[in-house]
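All remarks here apply to the structure that follows.
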Amino acid sequence: EVYNPNGKYRVVSTKSMPGTRWIKLLVDQDCRLEICTEKKTILSVEDIISLIGNNCDGVIGQLTEDWGERLFSALSRAGGTAFSNMAVGYNNVDVDAANKYGVAVGNTPGVLTETTAELAASLSLAAARRIVEADEFMRGGLYDGWLPHLFVGNLLKGQTVGVIGAGRIGSAYARMMVEGFKMNLIYFDLYQSTRLEKFVTAYGQFLKANGEQPVTWRRASSMDEVLREADVISLHPVLDKTTYHLVNKERLGKMKKEAILINCSRGPVIDEAALVDHLRQNPMFRVGLDVFEEEPYMKPGLAEMKNAIVVPHIASASKWTREGMATLAALNVLGKIKNYPIWADPNR
Ligand code: DGY
Numbered sequence: 008e009v010y011n012p013n014g015k016y017r018v019v020s021t022k023s024m025p026g027t028r029w030i031k032l033l034v035d036q037d038c039r040l041e042i043c044t045e046k047k048t049i050l051s052v053e054d055i056i057s058l059i060g061n062n063c064d065g066v067i068g069q070l071t072e073d074w075g076e077r078l079f080s081a082l083s084r085a086g087g088t089a090f091s092n093m094a095v096g097y098n099n100v101d102v103d104a105a106n107k108y109g110v111a112v113g114n115t116p117g118v119l120t121e122t123t124a125e126l127a128a129s130l131s132l133a134a135a136r137r138i139v140e141a142d143e144f145m146r147g148g149l150y151d152g153w154l155p156h157l158f159v160g161n162l163l164k165g166q167t168v169g170v171i172g173a174g175r176i177g178s179a180y181a182r183m184m185v186e187g188f189k190m191n192l193i194y195f196d197l198y199q200s201t202r203l204e205k206f207v208t209a210y211g212q213f214l215k216a217n218g219e220q221p222v223t224w225r226r227a228s229s230m231d232e233v234l235r236e237a238d239v240i241s242l243h244p245v246l247d248k249t250t251y252h253l254v255n256k257e258r259l260g261k262m263k264k265e266a267i268l269i270n271c272s273r274g275p276v277i278d279e280a281a282l283v284d285h286l287r288q289n290p291m292f293r294v295g296l297d298v299f300e301e302e303p304y305m306k307p308g309l310a311e312m313k314n315a316i317v318v319p320h321i322a323s324a325s326k327w328t329r330e331g332m333a334t335l336a337a338l339n340v341l342g343k344i345k346n347y348p349i350w351a352d353p354n355r
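Numbering (full-length UniProt numbering), first residue to last: 8 to 355.
Structure representation (structure tokens):
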């Protein structure tokens, strides 16, 4: 699909993206925009090299693509100087290789913060109240009347939510769980989240002033402290060498037997095979996963586990957010090509 065929700058988008604002932005700024219409979901390095061709100023790519040496050298040979991931995470991008070949890299933070936090909150609630199991039961025609024991789950109010990685998304999730469900908070982050601390303190004072039980909160000095104490744990770190298999067999063993674990960050943060064993051995332990170690696959056994809720990497999938991500990605590429300041450069 080609827009503005006579445009001066050739920009390639490896996928069609939601909305039209991003297309208009590029076309209005003299870009010839080519959107790949290949049906295959995940493009290989070879596919993308052929899309880049001999002349390409910038590319908007996806988190499923392997943006390393080969792609950045191909883009640089084609005269390209700009690449934007349509994602906030950029573990699929070798930023050093991009720097080596003089290609600026952008990502799309901010617009997906609340949407992603809302999915983590949805998974937390769905796991606590066993919504997916109950839905399957109902559709399976198994409901033959109200029973005192039927799908009894946890009350979140008064329980402790644990957040690992209190950046933008982790902090937004913590606020939702504290304010929305009056959960106590324990969090761990390598950096101090003063915004989160200010919020929880002020919210505690508000509850007290209104004669309600105040929530408690604490910044943990280690991740294991969160794992031991929290009833619901949500993972929000970036994926890098230090967070690969951050949640492994040993750490799973430190969590409460009835804890709920949520992951909307990146799959490899959890050792998924160890998680499947843990779910098998601890039927009251529940997990809500949006991401998987080797997407699009799940480790054997996971799909059969009743105590797991699994969704296909949809944390940022709201219309407003996806259109915003597409717009930011286009602005990133345009910013470099036209020498405007880059909006969202992960090097910063
Ligand atoms: C991201 O942006 O990194 C998400 O995983 C997809 O929205």
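All C-beta atoms, glycine included, are put in the ideal place defined by N, C-alpha and C.
- Cβ-Cβ separation between Ile269 and Ser241: approximately 4 Å, consistent with a contact (criterion under 8 Å).
- For the ligand DGY, no non-hydrogen atom lies closer than 8 Å to the CB of Ser241.
- Between Val222 and Val233, the gap from beta carbon to beta carbon reaches 9 Å or more.
- Placement of the Cβ of His285 at a distance of 8 Å or more from every heavy atom of the ligand DGY is found.
- When the five nearest sequence neighbours on each side are left out, the beta carbons in the same chain lying within less than 6 Å of the beta carbon of Ala89 are those of Gly65, Ala111, Val340, Lys343, Ile344, in order along the chain.
- In the three-state reduction of the DSSP assignment, Ser80 falls in the helix class.
- With contacts defined by Cβ atoms closer than 9 Å, Ala127 and Arg293 do not form a contacting pair.
- Leu282 is not a Cβ neighbour of Leu253, given a cutoff of 9 Å.
- Per DSSP, the unbroken beta strand (DSSP E) holding Trp224 starts and ends at 224-226.
- Relative to Glu72, the option among Ser178, Glu53, Ser80, Ala85 whose CA is nearest is Glu53.
- Rounded to whole angstroms, Lys31 and Glu257 show a C-alpha spacing of 51 Å.
- Glu41 is a Cβ neighbour of Ser20, given a cutoff of 9 Å.
- Rounded to whole angstroms, Leu119 and Met332 show a C-alpha spacing of 8 Å.
- Where Phe90 is concerned, the enclosing beta strand (DSSP E) starts and stops at 89-92.
- Taking the Cβ of Arg273 as the reference point, at least one heavy atom of the ligand DGY falls within a distance shorter than 8 Å.
- Check the Cα spacing between Arg77 and each of Asn99, Asp142, Met93: the tightest is with Asn99.
- By alpha-carbon distance to Ala173, the top candidate from Ala227, Pro319, Ile277, Ser325 is Ala227.
- Judged by DSSP secondary structure, Leu58 falls within the alpha helix (DSSP H) whose first and last residues are 52-59.
- Phe195 carries a strand assignment under DSSP once its states are collapsed to helix, strand and coil.
- Fewer than three beta-carbon pairs drawn from the region 214-221 and the region 192-205 are found closer than 8 Å, and the two stretches are therefore not classed as touching.
- The continuous beta strand (DSSP E) containing Arg39 extends over residues 38-42.
- Ala336 places its beta carbon 9 Å or farther from that of Cys271.
- Contact between Leu163 and Phe144 is ruled out by a C-beta separation of about 22 Å, above the 8 Å threshold.
- The three-state secondary structure of Asn106, taken from DSSP, is helix.
- When only Cα atoms are considered, Glu265 and Asn114 end up about 37 Å apart.
- In this structure, Thr44 has its beta carbon at no less than 8 Å from each heavy atom of the ligand DGY.
- Annotation: Thr71 is outside any beta strand (DSSP E) and is labelled neither H nor E by DSSP.
- Lys205 and Arg182 have their C-alpha atoms roughly 11 Å apart.
- In this structure, Ala324 keeps its C-beta atom at 9 Å or more from the C-beta atom of Gly295.
- Your pair Arg175 and Pro116 checks out as a contact, with CB atoms roughly 7 Å apart and the cut at 8 Å.
- Membership of Ser241 in the beta strand (DSSP E) is indicated by the continuous run 239-242.
- Shown here for Trp224: same chain residues with a beta carbon closer than 6 Å to its own, the five before and five after excluded, namely Leu192, Val207 in chain order.
- Cβ contact annotation for Val170 (same chain, cutoff 6 Å, sequence separation greater than five): Gly177, Ala181, Tyr194, Ser241, in chain order.
- Take the alpha-carbon of Gln69 and the one of Ala124: they are about 21 Å apart.
- Runs of the alpha helix (DSSP H) lying entirely within the region 255-312 and spanning at least 4 residues, in chain order: 256-261, 279-288.
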